[in-house]
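Residue numbers (UniProt numbering): 1 to 175.
Following this line, the structure appears as structure tokens:
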């Protein structure tokens, strides 16, 4: 078995945001009884481009979906569907270096609360969580990948929920 060299004493923290947005149709669709369109997502907190160190994100949806495992191999890491009920979504993050174990996070998909009024006057459910992936003594190739993209940004228009907008909307909501 090959010994994998690690960066002794090094720690890299990558902040992430995961969650979902949901918009009601305003009616129950007759064909499948669905009432909402939703998007579940995982992104970097500062909109950094994670493609140097994230190989793919696997989303495990409710068993009632015909294809309940979805894989995104490039950002934005998101799945958009329709439905009528809330459920837990498993998101498994696979890294570019296979010597780093995948990380799994869970998110309870929300369709009804919390509701925010967006600047354009429409309302949307936005449920987001901040977390951090901590790489303790990553492999040398992984350390290079984790630090190579510092400062490289993704196109913000590709994401559904801008953290700053959500924070602003939340502050307005509680005032």
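The C-beta atom is built at its ideal place from N, Cα and C for all residues, glycine as well.
Task: Neighbour-count burial assignment, residue 143, 16 or more Cβ in a 10 Å radius - done: Taking the first residue of the chain shown as 1, we reach residue 143 at position 143. Classification for residue 143: buried.
Task: For residue 93 and residue 50, the rounded distance between their alpha carbons - done: Working through the chain shown from its first residue, we reach residue 50 at position 50. Working through the chain shown from its first residue, we reach residue 93 at position 93. Between residue 50 and residue 93, the C-alpha separation is close to 11 Å.
Open item on the list: So, for residue 97: in the same chain, excluding its five sequence neighbours on each side, which residues have a beta-carbon less than 6 Å away from its beta-carbon?
Closed with: In the chain shown, residue 97 corresponds to position 97, counting from 1. Around residue 97: 139, 141 and 142.
TODO: Kindly list the residues whose CB is nearer than 7 Å to the CB of residue 105, restricted to its own chain and excluding five residues on each side of it in sequence; keep chain order.
DONE: Here residue 105 refers to the residue found at position 105 when the chain shown is read from its first residue. Once the five neighbours on either side are set aside, the close Cβ partners of residue 105 are 18, 91 and 131.
- [ ] Please determine, among 48, 112, 75 and 118, the residue with the shortest C-alpha to C-alpha distance to residue 147.
- [x] One-based indexing of the chain shown puts residue 147 at position 147. The shortest C-alpha separation from residue 147 is found at 48.
Task: Within 8 Å, strictly: CB atoms of residue 107 and residue 40 - done: Counting from one through the chain shown, the residue named residue 107 turns up at place 107. Counting from one through the chain shown, the residue named residue 40 turns up at place 40. Yes, the pair counts as a contact, with Cβ atoms nearer than the cut-off.
Open item on the list: Check whether the region 80-90 and the region 120-128 are in contact - that is, three or more C-beta pairs closer than 8 Å.
Closed with: As far as the Cβ criterion goes, the region 80-90 does not touch the region 120-128, which means the pair count is below three.
Open item on the list: If the criterion is Cβ atoms closer than 8 Å, does the pair residue 99 and residue 4 meet it?
Closed with: Counted from its first residue, the chain shown places residue 99 at position 99. Counted from its first residue, the chain shown places residue 4 at position 4. Result yes, Cβ atoms of residue 99 and residue 4 sit closer than 8 Å.
Open item on the list: Strictly by DSSP, which residues pair up with residue 36?
Closed with: Looking up residue 36 in the chain shown gives position 36. DSSP output for residue 36 lists 24 and 83 as bridge partner(s).
TODO: Entirely within the UniProt domain "YEATS" (6-149) and at least 3 residues each: give me those beta strand (DSSP E) ranges in chain order.
DONE: 11-24, 36-44, 54-60, 69-72, 77-83, 87-95, 103-109, 115-117 and 123-136
Task: Alpha-carbon spacing of residue 13 relative to residue 133, whole angstroms - done: Walking along the chain shown from the start, residue 13 turns up at place 13. Walking along the chain shown from the start, residue 133 turns up at place 133. For residue 13 and residue 133, the distance between alpha carbons rounds to 6 Å.
Open item on the list: Using C-beta distances below 8 Å, list every residue in its chain close to residue 42, excluding the 5 sequence neighbours before and after it, in chain order.
Closed with: Mapped onto the chain shown, residue 42 falls at position 42. Taken in chain order, the residues that qualify are 16, 17, 18, 57, 77, 78, 91, 93 and 105.
Task: Outcome for residue 156 when other beta-carbon atoms lying within 10 angstroms are tallied against a minimum of 16 - done: Counted from its first residue, the chain shown places residue 156 at position 156. Bear in mind that the predicted position of residue 156 carries a pLDDT of just 46, short of 50, making it too unreliable to give a figure here.
TODO: Could you check if residue 166 is buried or exposed, using at least 16 other CB atoms within 10 Å of its CB as the buried criterion?
DONE: By one-based count along the chain shown, residue 166 stands at place 166. Note that residue 166 has pLDDT 46, beneath the 50 cutoff, so the model's placement of it is unreliable and the number below is only indicative. It counts as buried.
Open item on the list: Using a Cβ-Cβ distance cut-off of 8 Å, determine whether residue 102 contacts chain C.
Closed with: Absent here is chain C; the protein component of the structure consists of one chain.
- [ ] To the nearest angstrom, report how far apart residue 11 and residue 136 are at their CA atoms.
- [x] The sequence position of residue 11 within the chain shown is 11, counting from 1. The sequence position of residue 136 within the chain shown is 136, counting from 1. Near 5 Å, if we compare the C-alpha coordinates of residue 136 and residue 11.
Open item on the list: Taking the straight line between their C-alpha atoms, what separation do you get for residue 63 and residue 53?
Closed with: What you label residue 63 is simply residue 63 of the chain shown in a count that begins at 1. What you label residue 53 is simply residue 53 of the chain shown in a count that begins at 1. Spanning the alpha carbons of residue 63 and residue 53 requires a straight line of approximately 30 Å.
Task: Proximal residues to residue 33 (C-beta, below 8 Å), its chain only, five neighbours per side dropped - done: Walking along the chain shown from the start, residue 33 turns up at place 33. Answer for residue 33: 84, listed in chain order.
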